[in-house]
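FYI, the UniProt record's numbering numbers position 74 of the sequence shown as 74, with every residue one higher than the one before it.
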Amino acid sequence: MISRPPGTCSTNWSLQVEMGLAGSVAKDAKYAALLRGLRDLVLNAGMNWEVGWREIPAVQKSKVFQVARDRYPILKRYVNDWATAEMVKQYIKNKRAHHYHNGWLEVPAKYAYLKENTKKRNPSGSRVKRAKNVMAAKKKAKRKESTAASSGNNGGDDGGEAGHGDEERSEARDENGENGMDR
């Protein structure tokens with residue numbers, strides 16, 4: 001029996017890898033067949049994919065799990081049907097997202113704030129680049145703070161070489177004005 005790994009599927013671990021169905025063409029085909037079969041089971045069971053996983057009645061989930069175990073004996077390996085649940089969750093989540101994206105299904109009001117956040121973003125800007133710039137600015141401020149604190153601690157009696165470190169730092173900058181150590 002294979003127990004469910006800790007964490008969240010797709011974020012902390014890969015479902016296909018944890019099921020032991022990755023790494024060869026035959027295993028990939030078996031995994032794809034399971035996904036297709038479970039998709040058909042969900043549709044035939046009349047499971048409401050327009051709502052979240054938590055809103056689907058446990059009775060309906062258990063019926064799908066039972067039929068899936070009977071039809072696909074490999075699914076009996078997984079404790080408490082965790083693999084079946086993850087595949088079904090993935091299917092209904094993707095189906096819902098596809099319908100939201102195409103406008104066939106109305107996005108719930110609880111997600112309205114996401115649309116507002118999207119409007120605030122610069123469509124031509126890179127969020128990764130902006131995050132890196134913020135981190136670089138924080139590092140620079142911290143470095144400046146630590147050098148100011150260290151120069152203040154020696155009482156200014158440094159043998160007349162005040163600012164010597166600043167000259168070395170300015171020489172280390174490349175033609176773009178960037179410090180090579182920040183990259």
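For each residue, glycine too, the CB sits at the ideal point set by N, CA and C. Owing to the predicted nature of the structure, the values given are computational and were not obtained by experimental measurement.
For Val-42, the uninterrupted alpha helix (DSSP H) run begins and ends at 25–45, by DSSP. The three-state reading of DSSP puts Trp-49 in coil, since its state is none of H, G, I, E or B.
Taken through DSSP and simplified to helix, strand or coil, Tyr-91 comes out as helix. The bridge partners DSSP lists for Ile-2 are Tyr-78. Between the alpha carbons of Tyr-78 and Asn-117 lies a distance of about 39 Å. Distance between Pro-6 and Lys-129, taken at the CA atoms: about 32 Å. In this structure the stretch 57–68 does not lie against the stretch 15–31, because fewer than three pairs of beta carbons, one per stretch, are closer than 8 Å.
Distance from the CA of Glu-50 to the CA of Ala-83, rounded to the nearest whole angstrom, comes to 21 Å.
Rounded to the nearest angstrom, the gap between the Cα atoms of Lys-89 and Asn-48 is 12 Å.
Out of Thr-8, Lys-110, Asp-81, the CA that lies nearest to the CA of Lys-61 is found in Asp-81.
As DSSP reads the structure, Trp-104 sits in no beta bridge. Judged by their CB atoms, Val-42 and Ile-74 are not nearer to each other than the 8 Å cut-off.
With 16 or more other CB atoms across the displayed protein chains lying within 10 angstroms of its CB, Leu-38 is buried.
In this structure, Val-107 sits near Tyr-100, with a CB-CB distance shorter than 8 Å.
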